[in-house]
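Numbers given in the numbering used here equal positions in the sequence shown, counted from 1, plus 14. Glycine included, C-beta positions come from ideal geometry on N, C-alpha and C. Just so we're clear, the structure is a prediction, and the values are computed from it rather than from any experiment.
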Amino acid sequence: MRIFKNAWFGRFARKQRIDDDALRQAIRRADQGLIDADLGGGVIKQRIARRGEGKSGGFRTIVLYRQASRAFFIFGFPKNRRSDLSDEEVAAFKRAARHILSLSDEHLAAMIEKGQFSEVDDHG
């Protein structure tokens with residue numbers, strides 16, 4: 015399983031002190047069938063805990079997800095700042111999933127080189 019984050023999410027994660035281990039754990043849960051919300055079309059919502067706290071008051075992340083293949087963290091928000099996504103946002107994420115989840119390895123490598131995505135280190 016390869017895990018990526020887009021440039022926007024990378025900045026969000028740094029600002030909120032969400033480390034790569036938390037992202038890997040969220041995808042491990044998804045691979046085990048523990049998906050917090052399946053929005054359809056390859057889009058899932060996974061909760062990530064704040065450091066030292068539980069997931070209920072933590073962050074909500076939007077992931078473009080293909081089981082046992084690829085996961086792209088593309089958006090996140092603190093639960094206490096926003097209740098949920100609009101229908102328009104969900105539709106936009108589904109359109110993005112169709113495109114991004116079908117990228118060839120070569121095209122993805124080019125996007126990484128341009129700084130549009132970065133890969134989360136799998137530590138082995």
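Hey, quick one: how far does the beta strand (DSSP E) through residue i stretch, first residue to last?
i    : result
R74  : 73 to 80
L122 : Counting along the chain, L122 falls outside any beta strand (DSSP E), though it belongs to the alpha helix (DSSP H) covering 119 to 127.
L53  : 51 to 54
A85  : 84 to 92
Take residue i as the anchor and find which of the options has the nearest alpha-carbon.
i    : options             : result
I41  : S116, G55, R16, R64 : R16
T75  : R61, R65, Q81       : R61
G24  : L115, F86, R96, L53 : F86
K29  : R80, P92, R84       : P92
R109 : A63, R38, L53, R43  : L53
If I measure Cβ to Cβ from residue i and keep anything under 8 Å in the same chain, skipping five residues before and after, which residues do I get?
i    : result
M125 : L117, F131
Quick check on residue i: buried or exposed, where buried means 16 or more other Cβ atoms within 10 Å of its Cβ?
i   : result
Q46 : exposed
L78 : buried
How far does the alpha helix (DSSP H) with residue i in it extend, from its first residue to its last?
i    : result
I41  : 34 to 45
R16  : First-last for R16: 16 to 20, but that is the beta strand (DSSP E), not the alpha helix (DSSP H).
V104 : 101 to 114
For residue i, I'd like the list of residues in its chain whose CB is within less than 6 Å of its CB, leaving aside the five on either flank, ordered along the chain.
i   : result
I49 : I58
Worksheet item: Is it true that the region 21 to 34 meets the region 103 to 116, where meeting means three or more beta-carbon pairs spaced less than 8 Å apart?
Response: no
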